[in-house]
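The structure appears right after this line, and notes come after that.
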Amino acid sequence: MGDKKTKGHVVVNIEECKGCGLCVEACPVNVLYQSEKFNTRGYHYAQYKGDGCTGCGICFYSCPEPGAITVFKRWDKITEKRFCKNCDGERFVFTLEDKPGKYFCTACLKEV
Amino acid sequence: MSKEILKKSEVFYEVYERKPGADKLTTTYCPGCGHGIIHKMIAEALEDFGVQDRTIFISPVGCSVFAYYYFHTGNVQVAHGRAPAVATGLKRANPDSIVISYQGDGDLAAIGGLEILHAANRGEGFTVIFVNNAIYGMTGGQMAPTTLIGQTTMTTPRGRDPVNDGYPIRMSEIIATLEAPVYVERVMLSDSKEIMKARAAIRKALKVQIEKNGFAFVEILSPCPSGWKMTPSQAKRWVADVLSKYFPVGVKKDISAEFEGRKKEVKKVSKEEIAKILGIVEAEEVDKRVNKYVDKDVSEEIKVAGFGGQGVLSLGITLAYMGMKHGYKVSWLPSYGPEMRGGTANCHVKISKGSIGSPVVSYPTLLIAMNRPSLDRFENDVVSGGIIVYDNSLIDREPVRSDVTVIPIPATKIADEIGSTKIANMVVVGAIVKYLDLMSVEYIIDSIDQVIKSKKLADMNREAIRKGVEYMTTNYKLG
Ligand SMILES: Cc1ncc(C[n+]2csc(CCOP(=O)(O)OP(=O)(O)O)c2C)c(N)n1
Ligand code: SF4
Ligand code: SF4
């Protein structure tokens, strides 16, 4: 679940990725790669190597799919863990300014 | 870029319910297509500026025709090239709305070439996002006005040749020569630096609208990997290395700093003025005879069909107009062939107590067939329990449906006896109004010349309506 020493963090929504590879090419620090595996629609989806992301957000803006990439620019600030019923396990969670009192899972992005 | 989390904008629907099929989470765009990137930047800006609730996004014809699947804003999908005309109407009627005319190069520079020029020239207060991918994407890669010289497409297999096909059109430069546009810039989706410039241009263009109600135009050189037969990576490089050499990026015009803002005014036309323009004589006070119908629960969907020249359109107008005078909600929609007279014509009429969503009548509760082809064509569409009225002086067969009420009226014969077959339509008006007790017959007779302007026919029309009523009272024992 990500090295807290790195500043940023990327979550690829595997099923929404169309495998165009633009994010992989755009990442200045090369921490993204295309999986050898296919998603259910037959695309080699993008993956995060797990650490090294600087949180620059470049991959987010190079990706054409609205929901395929989420970037946490300040991963180091996200410290709280909660139980996520979707993931069935403890996950780091984030909050949103416009949704006070709610916690969202950093892995599946759904409300915990 | 101060947000700490970059995620799917809330200006997009969480689930694309309108999209058919099982996959309701991804767009219809090809991998690596620029449309998606542009959508994301627009959505983000609308969210940041807090204008989602008053935004109307116009989807063009082209690959982005289904943009309304994704944008959780107001949406209108328009005919090819017509986005600027529709945007003009939307913005003028609702000056506080934020209107985005989103268009491809086929849409904006080919079929809609003049539409955009005039909207820009008028300085309409909406934002144009012009997605230039140098090709018709949706239809499979034909030449667009922006296709480069030598570029091979489906319709230029030997490469675009200026002798045959003309030169690629630089729309931003053309728009920038006009007086009224406030801000015109061309950007490109090549590398991340350029993408961020595109993002800034989109935001600026929207600001020009939000803050100054001014016309702003952003042209975006956008990859179409499928149309160009390239990988997404090759396509984005081709944007920078080839496309942008002919279409240089940069600001083409920017008077936003000194521009004082376009006045927001809705030209209000009073009810009286409209009545005067249309020549409608307003009744002094509501007629007592009409009042009797205020609480009547009516919901008729009527199709009137016959030859052009049989007066089917004015039959429909008469019903709709008189319905309106009785306080019903009404609509009238004509549909006729190019032949006008001699061809077939029909119209759709709705008369109802409740409001009307669409003027189209697909399954009539009442079919008025004035000739045989109309009966043949529409008989099966009538709802079960509905009514078929047909002119049995012209139609040589009876309806076959047994689940509907069938009312034969020799309308043309009756009209002929009065003096003109042209007024058969009014015989039918009298007959059905009487049969359904839909409106006051006396009121209609007194005010028919508000609808049928010909003075010559006025007396005959009144007579025809009376005869229609009389026919029904004698044959159907109506009160
Ligand atoms: C009146 C009309 N003419 C032609 C068409 C066929 N047509 C559909 S999309 C299209 C071109 C779209 O190209 P563009 O505007 O560049 O958008 P893209 O698909 O590349 O995003 C055409 C000619 C149509 N739908 N309607
Ligand atoms: S946010 Fe920047 S550093 Fe992190 S994966 Fe995306 S492009 Fe690479
Ligand atoms: S054909 Fe071209 S413009 Fe259309 S969705 Fe595919 S890549 Fe995009």
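Chains as they are written, first to last, in our numbering: chain G, 1 to 112; chain U, 1001 to 1479. By construction, the Cβ of each residue, glycine as well, lies at the ideal position given by its N, Cα and C atoms.
Beta-carbon gap between residue i and residue j smaller than 8 angstroms
{"i": "H1326(U)", "j": "V1349(U)", "result": "no"}
{"i": "D1381(U)", "j": "S1393(U)", "result": "no"}
{"i": "V1187(U)", "j": "A1205(U)", "result": "no"}
{"i": "E1379(U)", "j": "P1364(U)", "result": "no"}
{"i": "S1352(U)", "j": "K1329(U)", "result": "yes"}
{"i": "R1170(U)", "j": "F1247(U)", "result": "yes"}
{"i": "R1397(U)", "j": "R1372(U)", "result": "yes"}
{"i": "F1217(U)", "j": "A1120(U)", "result": "yes"}
{"i": "P1181(U)", "j": "C1030(U)", "result": "no"}
{"i": "I1388(U)", "j": "L1367(U)", "result": "yes"}
{"i": "S1192(U)", "j": "Y61(G)", "result": "yes"}
{"i": "I1452(U)", "j": "A1458(U)", "result": "yes"}
{"i": "Y45(G)", "j": "I78(G)", "result": "no"}
{"i": "F1253(U)", "j": "V1184(U)", "result": "The sequence given here places Lys at residue 1253(U); Phe does not occur at that position. Yes, these two residues count as a Cβ contact at 8 angstroms."}
{"i": "S1101(U)", "j": "T1073(U)", "result": "no"}
{"i": "P1408(U)", "j": "Y1435(U)", "result": "no"}
{"i": "T1026(U)", "j": "E65(G)", "result": "yes"}
{"i": "D76(G)", "j": "K18(G)", "result": "no"}
{"i": "N1346(U)", "j": "S1384(U)", "result": "no"}
{"i": "V12(G)", "j": "Q47(G)", "result": "yes"}
{"i": "F72(G)", "j": "I1005(U)", "result": "yes"}
Per-residue contacts from residue i into chain U (C-beta, under 8 angstroms)
{"i": "F94(G)", "result": "I1005"}
{"i": "T70(G)", "result": "I1005, L1006, K1007, K1008"}
According to DSSP, residues forming a beta bridge with residue i
{"i": "D1254(U)", "result": "Y1183(U)"}
{"i": "F113(G)", "result": "Only positions 1 to 112 of chain G appear in this structure, which leaves residue 113(G) out of reach."}
{"i": "I1407(U)", "result": "V1389(U)"}
{"i": "L1221(U)", "result": "N1132(U), M1188(U)"}
{"i": "V1304(U)", "result": "C1347(U), I1368(U)"}
{"i": "I1149(U)", "result": "R1160(U)"}
{"i": "V12(G)", "result": "I69(G)"}
{"i": "F83(G)", "result": "E90(G)"}
{"i": "W1332(U)", "result": "V1349(U)"}
{"i": "T1055(U)", "result": "I1098(U)"}
{"i": "Y1167(U)", "result": "Y1167(U) pairs with nothing; no bridge assigned."}
{"i": "T1412(U)", "result": "None, per the DSSP bridge assignment."}
{"i": "G1104(U)", "result": "V1131(U)"}
Interface partners of residue i on chain G, CB under 8 angstroms
{"i": "P1232(U)", "result": "C20, G21, L22"}
{"i": "K1229(U)", "result": "Near K1229(U) there are no residues of chain G at all, since even the closest Cβ is about 15 angstroms away, more than 8 angstroms."}
Chain G residues whose Cβ lies nearer than 9 angstroms to that of residue i
{"i": "S1009(U)", "result": "P66"}
{"i": "Y1070(U)", "result": "P66"}
{"i": "F1012(U)", "result": "P66, G67"}
{"i": "K1453(U)", "result": "Ordered by position in chain G, no residue passes the 9 angstroms Cβ test against K1453(U), which lies about 56 angstroms from the chain."}
{"i": "K1253(U)", "result": "Simply none; closest approach about 26 angstroms."}
Output needed in chain order: residues of the stretch 16-40 of chain G with a Cβ under 7 angstroms from some Cβ in chain U. E16, K18, G19, C20, G21, L22, E25, A26
Tell me which residues of the stretch 36-66 of chain G have at least one Cβ-Cβ distance to chain U shorter than 8 angstroms, keeping chain order. R41, Y43, G57, I58, F60, Y61, S62, C63, P64, E65, P66
Short-range partners of chain G found in the stretch 1021-1038 of chain U, where Cβ spacing is below 9 angstroms: D1023, L1025, T1026, T1027, Y1029, C1030, P1031, G1032, C1033, G1034, H1035, G1036, I1037, I1038
Segment contact flag, the stretch 1005-1014 of chain U with the stretch 1155-1170 of chain U, C-beta cutoff 8 angstroms, min 3 pairs: no
With 8 angstroms as the limit, tell me which residues of the stretch 72-90 of chain G have their beta carbon closer than that to any beta carbon of chain U; keep them in chain order. F72, K73, R74, K77
State whether the stretch 1099-1114 of chain U contacts the stretch 1130-1142 of chain U, with contact taken as three or more CB pairs (one from each stretch) at a distance under 8 angstroms. yes
Please identify, using Cβ separations under 8 angstroms, the residues of the stretch 1191-1210 of chain U that lie next to chain G, in order along the chain. D1191, S1192, I1195, M1196, R1199
With contact counted as at least three CB pairs below 8 angstroms, one residue from each stretch, are the stretch 84-99 of chain G and the stretch 1026-1034 of chain U in contact? no
Quick check: the stretch 102-109 of chain G against the stretch 51-63 of chain G, are there 3 or more CB pairs under 8 angstroms? no
Determine, using beta-carbon pairs with one atom in the stretch 1143-1155 of chain U and one in the stretch 1076-1093 of chain U, whether at least three such pairs fall under 8 angstroms. no
Return the residues of the stretch 1036-1057 of chain U that lie within a Cβ-Cβ distance of less than 8 angstroms from chain G, sorted by chain order. G1036, I1037, H1039, K1040, M1041, A1043
Using a beta-carbon distance cut-off of less than 7 angstroms, what residues from the stretch 1417-1431 of chain U approach chain G? none
Check whether the stretch 1237-1252 of chain U touches the stretch 1065-1082 of chain U, taking contact to mean three or more Cβ pairs, one atom from each stretch, closer than 8 angstroms. no
Stretch-stretch touch, CB-based, cutoff 8 angstroms, three pairs: the stretch 1272-1279 of chain U with the stretch 1317-1324 of chain U: no
How about the stretch 1064-1071 of chain U and the stretch 1255-1274 of chain U: do they share at least three Cβ pairs that are nearer than 8 angstroms? no
If we count Cβ pairs, one from each stretch, closer than 8 angstroms, do we get three or more for the stretch 1302-1312 of chain U versus the stretch 1409-1426 of chain U? yes
Please list, in chain order, the residues of the stretch 1284-1304 of chain U that have any C-beta partner in chain G closer than 9 angstroms. none
Check each residue of the stretch 1344-1368 of chain U: if its Cβ is closer than 8 angstroms to any Cβ of chain G, include it; give the result in chain order. none
Give, in chain order, every residue of the stretch 1231-1250 of chain U whose Cβ lies closer than 9 angstroms to some Cβ of chain G. T1231, P1232, S1233, K1236
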